[in-house]
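Here is the structure we will look at, set down as C-alpha coordinates.
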Amino acid sequence: DRALFNDLEHVCDDCYNLYRTSYVASACRSNCYSNLVFRQCMDDLLMMDEFDQYARKVQM
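For what it's worth, the working numbering labels the leading residue of the sequence shown as 529, then goes sequentially.
The structure is reproduced here in C-alpha coordinates:
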(Lines of atoms letter the chains of each structure in order from A; the text may use other names.)
(Lines give C-alpha, C1' and ligand atoms only; values in the text may rest on other atoms or scores of the structure.)
Protein backbone atom coordinates (compact mmCIF):
# COMPACT_ATOMS: atom_id res chain seq x y z
CA ASP A 529 0.00 0.00 0.00
CA ARG A 530 1.75 3.10 -1.28
CA ALA A 531 -0.24 5.49 0.93
CA LEU A 532 0.81 3.63 4.07
CA PHE A 533 4.45 3.60 2.95
CA ASN A 534 4.30 7.35 2.32
CA ASP A 535 2.84 7.95 5.79
CA LEU A 536 5.56 5.85 7.43
CA GLU A 537 8.29 7.53 5.40
CA HIS A 538 6.92 10.93 6.35
CA VAL A 539 7.31 10.11 10.06
CA CYS A 540 10.94 9.03 9.59
CA ASP A 541 11.75 12.00 7.35
CA ASP A 542 10.29 14.45 9.85
CA CYS A 543 12.16 12.76 12.68
CA TYR A 544 15.40 12.96 10.70
CA ASN A 545 14.76 16.67 10.11
CA LEU A 546 14.27 17.09 13.84
CA TYR A 547 17.53 15.37 14.87
CA ARG A 548 19.68 15.45 11.72
CA THR A 549 21.46 12.16 12.44
CA SER A 550 21.86 9.31 9.99
CA TYR A 551 21.19 6.86 12.83
CA VAL A 552 17.65 8.17 13.23
CA ALA A 553 17.04 8.01 9.49
CA SER A 554 18.04 4.35 9.20
CA ALA A 555 16.91 3.06 12.60
CA CYS A 556 13.44 4.53 12.17
CA ARG A 557 12.92 2.38 9.08
CA SER A 558 14.48 -0.83 10.42
CA ASN A 559 12.41 -3.98 10.84
CA CYS A 560 9.70 -2.53 8.57
CA TYR A 561 9.08 0.40 10.94
CA SER A 562 8.44 -1.99 13.82
CA ASN A 563 11.00 -0.65 16.29
CA LEU A 564 11.46 1.62 19.28
CA VAL A 565 13.02 4.45 17.27
CA PHE A 566 9.91 4.73 15.10
CA ARG A 567 7.77 4.80 18.25
CA GLN A 568 9.98 7.47 19.81
CA CYS A 569 9.83 9.50 16.61
CA MET A 570 6.04 9.44 16.71
CA ASP A 571 6.18 10.55 20.33
CA ASP A 572 8.66 13.34 19.58
CA LEU A 573 6.52 14.51 16.66
CA LEU A 574 3.45 14.57 18.93
CA MET A 575 1.75 11.80 16.96
CA MET A 576 1.21 9.20 19.69
CA ASP A 577 -2.55 9.48 19.29
CA GLU A 578 -2.03 7.81 15.88
CA PHE A 579 0.57 5.23 16.94
CA ASP A 580 -1.82 2.28 17.42
CA GLN A 581 -3.33 2.89 14.00
CA TYR A 582 0.12 2.89 12.36
CA ALA A 583 1.22 -0.21 14.30
CA ARG A 584 -1.88 -2.18 13.20
CA LYS A 585 -1.29 -1.30 9.55
CA VAL A 586 2.38 -2.31 9.68
CA GLN A 587 1.51 -5.71 11.14
CA MET A 588 -0.88 -6.56 8.29
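Ideal placement from N, C-alpha and C gives every residue a C-beta, glycine not left out.
- In this structure, Phe579 lies near Met570, with their beta-carbon atoms less than 8 Å apart.
- For Tyr547, the enclosing alpha helix (DSSP H) begins and ends at 530 to 547.
- Shown here, Asn563 sits in coil according to DSSP, grouped into three states, outside any helix or strand.
- The Cβ neighbour count for Cys560, taken over all protein chains shown within 10 Å, is under 16; the residue is labelled exposed.
- For Ser550, the uninterrupted alpha helix (DSSP H) segment begins and ends at 550 to 557.
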